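Enquirer: When we follow my numbering, the leftmost residue of the sequence shown carries the number 115, and every step to the right adds one.
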Amino acid sequence: MKDDHLDIKTPEYVAIQFQIAGLGSRAAAFIIDQVLLMLVNILIIVALFFVMDGIEQMPLFLASSSFPIAVVVIGLFVLNWGYFFFFEFFSGGRTLGKKIVGIRVIQDNGHSITLLSSFIRNLVRLIDSLPTAYFLGILMIFFHSKHKRLGDLVAGTIVVHERKAKKKKKLTSIEKEINLRGLDVRDFEMEEWTLKSFSAKDWKLISTYANRFDQLPLDERIQLTNQIAGLLLPKTGIDVNGKNNTELENDLLVLYLILKDEWEFEL
């Protein structure tokens with residue numbers, strides 16, 4: 115079964131999920147792009163006919179000068195290939211067809227498509243179009259687990275649906291407390307191996323502490339803070355000795371934010 119979602123975790127431990135665009139949406143975007151290109155191509159060919167007719171006063175196939183024809187043939191190739199390259203790089207991974215359908219090209223790491231990856235992706239498009247009507251590309255998109263054609267595999271790109279803006283959620287009491295204290299995950303510089311040292315049991319412990327934080331009487335909260343800080347903070351390399359209760363609370367709440375993103379991503 116295909117995985118239609120792409121999960122990416124940023125260096126700030128924020129999990130981002132994209133919905134991968136399948137064959138249907140990609141085909142719809144491509145058809146729109148091809149219709150637009152076909153209209154432009156027809157206009158150019160009609161213009162060429164009138165130019166040639168004005169030069170020789172003969173039908174196009176009898177014209178003695180082949181220079182205008184060569185220029186138009188080269189121009190049409192550049193137009194039809196450069197259209198995808200230009201729009202995907204300069205318009206955030208979206209051609210006009212992709213923009214209408216609501217999909218875009220990004221890199222596998224979630225970043226915007228680069229000039230080189232756009233160039234490679236669209237250069238390999240020539241192979242994906244073989245033997246005719248994008249047969250190879252269609253087969254690749256249909257059977258690949260991430261709906262990638264050959265150009266995506268070589269360039270390290272993937273086509274995803276645009277992420278819709280989420281409605282702002284009402285902050286929980288602990289989130290309000292964290293915001294009030296001005297805490298942020300960047301307050302901790304934690305290596306990946308350190309993060310992996312925390313278990314599901316550790317996450318359950320600190321999440322319970324955070325969710326009950328504002329419900330505990332002050333004396334109990336101080337006692338619980340010191341106990342949990344003594345168990346978890348040493349794993350991060352923080353020395354709890356000499357720190358007051360507020361500092362320990364802040365450290366634990368930041369650790370809660372980091373583990374929350376990590377365990378939500380894993381789940």
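From the three backbone atoms N, C-alpha and C, an ideal C-beta is built for every residue, glycine too. As the structure is a computational prediction, the values presented were derived from the model and not from experiment.
In angstroms with no decimal places, state the Cα-to-Cα distance between A247 and M166.
Expert: Walking along the sequence shown from the start, residue 247 turns up at place 133. Walking along the sequence shown from the start, residue 166 turns up at place 52. If I take the Cα positions, the gap works out to 31 Å.
Enquirer: Return the CA-CA distance between A314 and K374, expressed in angstroms with no decimal places.
Expert: Residue 314 sits at position 200 when you count from the first residue of the sequence shown. Residue 374 sits at position 260 when you count from the first residue of the sequence shown. Between A314 and K374, the alpha-carbon positions lie close to 11 Å from each other.
Enquirer: Could you check what DSSP says for V273 in three-state terms: helix, strand or coil?
Expert: The residue you call residue 273 lines up with position 159 of the sequence shown. V273: strand per DSSP, three-state reduction.
Enquirer: With a CB to CB cut of under 6 Å and the five nearest residues on each side skipped, what residues in its chain are close to L371?
Expert: Within the sequence shown, residue 371 is the residue found at index 257, counting from 1. Hits under 6 Å: V299.
Enquirer: For the beta strand (DSSP E) holding V219, just list the boundary residues, first then last.
Expert: Taking the sequence shown and counting its residues from 1, one reaches residue 219 at position 105. Where V219 is concerned, the enclosing beta strand (DSSP E) stretches over I217 to Q221.
Enquirer: Rounding to the nearest angstrom, what Cα-Cα distance links V215 and T286 in this structure?
Expert: Reading the sequence shown from its first residue, position 101 is the one you call residue 215. Reading the sequence shown from its first residue, position 172 is the one you call residue 286. V215 and T286: Cα-Cα distance of roughly 36 Å.
Enquirer: Identify which residue in S232, L264 and A135 has its Cα closest to the Cα of F391.
Expert: Nothing in the structure corresponds to residue 391, since the chain is present only between 115 and 381.
Enquirer: So, do the stretch 218 to 236 and the stretch 194 to 204 have three or more beta carbon pairs nearer to each other than 8 Å?
Expert: yes
Enquirer: Report the residue from I188, E361 and G270 whose alpha carbon sits nearest the alpha carbon of R295.
Expert: If you number the sequence shown from 1, residue 295 lands on position 181. Of the listed residues, the one whose Cα sits closest to R295 is E361.
Enquirer: DSSP beta-bridge partners for D121?
Expert: As a first step, residue 121 is located in the sequence shown; it is residue number 7 there, counting from the start. In the DSSP output, where bridge partners are listed per residue, D121 has Q131.
Enquirer: The alpha helix (DSSP H) that contains S205, what's its start and end?
Expert: Position 91 of the sequence shown holds residue 205. Here S205 belongs to no alpha helix (DSSP H), and DSSP marks it neither H nor E.
Enquirer: Report yes if the CB atom of V274 is closer than 8 Å to the CB atom of L120, and no otherwise.
Expert: Translated into the one-based positions of the sequence shown, residue 274 becomes position 160. Translated into the one-based positions of the sequence shown, residue 120 becomes position 6. Against a cut-off of 8 Å, the Cβ pair of L120 and V274 comes out as a contact.
Enquirer: Does DSSP put S226 in a helix, in a strand, or in coil?
Expert: Counting from 1 along the sequence shown, the entry for residue 226 is found at position 112. If DSSP states are grouped into helix, strand and coil, S226 belongs with the strands.
Enquirer: Tell whether a beta-carbon distance below 8 Å holds between D222 and G270.
Expert: In the sequence shown, the residue the question calls residue 222 occupies position 108. In the sequence shown, the residue the question calls residue 270 occupies position 156. In contact: D222 and G270 (Cβ atoms closer than 8 Å).
Enquirer: Taking the continuous alpha helix (DSSP H) assigned at T246, which residues delimit it?
Expert: The residue given as residue 246 occupies position 132 in the sequence shown. Premise fails: T246 is in no alpha helix (DSSP H) and is neither H nor E.
Enquirer: Can the beta-carbon of I220 be found less than 8 Å from the beta-carbon of G207?
Expert: Position 106 of the sequence shown, counted from the start, is the residue given in the question as residue 220. Position 93 of the sequence shown, counted from the start, is the residue given in the question as residue 207. Cβ atoms of I220 and G207: closer than 8 Å.
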